[in-house]
Amino acid sequence: MQACPYNPVQMPELPEVETTRRGLVPRVVGRTIQDVVVRDARLRWPVPRDLARHLRGAEVVAIRRRGKYLLFDLPKGHLLVHLGMSGRLTMVPDDRPAKLHDHVDVRLDSHESLRLNDPRRFGAVLWIGGAAEKHALLRGLGVEPFDPAFTGEYLHALARGRRVAVKQFIMNARVVTGVGNIYASEALFRAGIHPARPVGRISLERWNGLAQAIRDTLSLALDAGGSTLRDYVSATGEPGQFQNVTSVYDREGQPCRRCARPIKALRQGQRSTFYCTGCQR
DNA sequence: ACTGGCTCCTGAGGGC
DNA sequence: TGCCCTCAGGAGCCAG
Numbered sequence: 000m001q002a003c004p005y006n007p008v009q010m011p012e013l014p015e016v017e018t019t020r021r022g023l024v025p026r027v028v029g030r031t032i033q034d035v036v037v038r039d040a041r042l043r044w045p046v047p048r049d050l051a052r053h054l055r056g057a058e059v060v061a062i063r064r065r066g067k068y069l070l071f072d073l074p075k076g077h078l079l080v081h082l083g084m085s086g087r088l089t090m091v092p093d094d095r096p097a098k099l100h101d102h103v104d105v106r107l108d109s110h111e112s113l114r115l116n117d118p119r120r121f122g123a124v125l126w127i128g129g130a131a132e133k134h135a136l137l138r139g140l141g142v143e144p145f146d147p148a149f150t151g152e153y154l155h156a157l158a159r160g161r162r163v164a165v166k167q168f169i170m171n172a173r174v175v176t177g178v179g180n181i182y183a184s185e186a187l188f189r190a191g192i193h194p195a196r197p198v199g200r201i202s203l204e205r206w207n208g209l210a211q212a213i214r215d216t217l218s219l220a221l222d223a224g225g226s227t228l229r230d231y232v233s234a235t236g237e238p239g240q241f242q243n244v245t246s247v248y249d250r251e252g253q254p255c256r257r258c259a260r261p262i263k264a265l266r267q268g269q270r271s272t273f274y275c276t277g278c279q280r
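If you read the first sequence in numbering that gives the first Met the number 0, its first letter stands for residue 0, the second for the next number, and so on.
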């Protein structure tokens, strides 16, 4: 089974989105938006025509993350950005020529622009007037993996009576936000749970282990992302040198790092899953 | 209420 | 070398 041709470390999963957020804060928060340049409005949803009207003259008060959504808080609303699967947000000098797929620039009063590059255009740039939490894209989102409310009890209760496979369950943003395809396989390996196991047949104890495994998996990636922080927000946006090591993802046929049995692959909901038959039950 | 399948898009990689 | 085909991913949306 062929995995995504992109190096996993370059794909914006939650740790990469959070790393991007942290990198942007010191250079964007407190700045005033001077203008917006939209070169190609055809993202996941069209970039609103009146985006510049909403943003011009507004100060960025804060940058938050909800799941994989970035929220730029402005006095009268929010700029929502999603990186999809190939989006990059970088800070560039205002006079830097746009390259292929540089779809949107948000020009600040610091002679720098926040630039979105997104070859596959699965990303989104939207305006939210009013309370962000009430927006359709954010309203139904589940708990954040680092929220104290994300516990084995929470998962156990939500899974009660349901038959969906655990891997699809933890990738469901209505259950828990920010767990993408790569980290779903990795967390299940860490927790020793077979990805196809129906969620209604998982004990509370094992849910506790999985909640912790998800946090650990994301934390490790976040720490790694920290080492490439500069790269994520640099003028070039070049990926870092960090070598991402996965336990199971994209390792079909290779020996399990724990028990040496060959890693297996299967498809769940049009997505590739990787797991170890020896370590996961 | 759940669940599974479809969809958007581009670029990488394999086969010939 | 180069062309063509397939496939990967996030997640909203819809049908059953």
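Positions of the beta carbon are idealized from the N, C-alpha and C atoms, including for glycine.
Burial of residue 279 is indicated by the presence of at least 16 other C-beta atoms within 10 angstroms of its C-beta.
With respect to the C-alpha of residue 63, the residue from 85, 17 and 50 having the closest C-alpha is 17. Bounds of the beta strand (DSSP E) holding residue 127 are 123–128. Note that the C-beta distance between residue 170 and residue 121 is not below 8 Å. Residue environment analysis places residue 166 among the buried positions, since at least 16 neighbouring C-beta atoms fall within 10 angstroms of its C-beta. Cα atoms of residue 245 and residue 253: separation of roughly 12 Å, rounded to the nearest angstrom.
DSSP, reduced to helix, strand and coil, places residue 211 within a helical segment of the structure shown. In this structure, residue 86 and residue 11 form a Cβ contact; the two beta carbons are roughly 6 Å apart against a cut-off of 8 Å.
Under DSSP, the beta-bridge partners assigned to residue 264 are 273.
The residues 161, 162, 163, 164 and 165, in chain order, have a CB closer than 8 Å to that of residue 197 in the same chain once the five nearest residues on each side in sequence are set aside. Here the alpha carbon of residue 248 sits roughly 7 Å from the alpha carbon of residue 272.
Around the Cβ of residue 52, a 10 Å sphere holds fewer than 16 other Cβ atoms; the residue is exposed.
Between the stretch 101–121 and the stretch 169–185 there are fewer than three C-beta pairs closer than 8 Å, too few to call the two in contact.
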